[in-house]
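Novice:
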Amino acid sequence: MSKQTDKNQEENIAYTYMVECGDGSLYTGWTNHLEERMQSHNEGKGAKYTRSRLPVRLVYYEEFSTKQEAMKREYAIKQLTRKDKLFLIEKQSLKVRKRCEKIAKLVFDKMNEMDEKM
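So for the sequence shown, the working numbering puts the first residue at -6; every next one is plus one.
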């Protein structure tokens, strides 16, 4: 498979995600571009909720084939108690946990590069 085909398939994936905010609260959202969304959250361009609670760190995500499925899951997660959300985070697969850590590191590194250029 070519890189372009991989990128096209990746763009067709919708994600429901949770981030832990700087104040310890959890925020749930959805996106088609997980890495870019984490970057925009940490640049203060994300959701209004997260802007005053920076930095945010990706702690959970699920993949879906449609935006509608991701939005439906986002709504369902938002209805959960904090305890249930923490349980979801705790019980996620090692693969998801590792990708969350990788994305968090990439975003952190990009933010540091931007700071150094200023």
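Ideal Cβ placement from N, Cα and C applies to all residues, glycine included. Please read these numbers as outputs of a predicted model, since none were measured by experiment.
Whose C-alpha, out of Y53, A97, N5, is nearest the C-alpha of A20?
Specialist: Working through the sequence shown from its first residue, we reach residue 20 at position 27. Sequence check: residue 20 is Tyr here, not Ala. Among Y53, A97, N5, the Cα nearest to that of Y20 is on Y53.
Novice: Excluding the 5 residues flanking T24 on each side, which residues of the same chain have their C-beta closer than 6 Å to its C-beta?
Specialist: Counting from 1 along the sequence shown, the entry for residue 24 is found at position 31. Contacts found: Y8, R30.
Novice: If contacts are defined as beta-carbon pairs under 8 Å, then I6 and E56 qualify, I think. What distance do you get, rounded to the angstrom?
Specialist: Along the sequence shown, read from residue 1 onward, the residue named residue 6 stands at position 13. Along the sequence shown, read from residue 1 onward, the residue named residue 56 stands at position 63. Sure, about 5 Å apart at Cβ, within 8 Å.
Novice: Give me the residue from E36, A97, S45, K103 with the minimum Cα distance to Y10.
Specialist: Residue mapping note: residue 10 aligns to position 17 of the sequence shown, counting from 1. Residue A97 is the option with its Cα nearest to Y10.
Novice: If we count the other Cβ atoms within 10 Å of its Cβ and call it buried at 16 or more, is G22 buried or exposed?
Specialist: Counting from one through the sequence shown, the residue named residue 22 turns up at place 29. G22 comes out buried.
Novice: Measuring straight from C-alpha to C-alpha, what distance separates Y117 and L27?
Specialist: Here the chain covers residues -6 to 111 and nothing more, so residue 117 does not appear.
Novice: Indicate the three-state DSSP secondary structure (helix, strand or coil) for A97 in the structure shown.
Specialist: As a working note, residue 97 is residue 104 in the sequence shown. Helix at A97.
Novice: Quick one: what does DSSP say L47 is sitting in, helix, strand or coil?
Specialist: Here residue 47 is taken as the residue at index 54 of the sequence shown, counted from 1. Coil, per DSSP.
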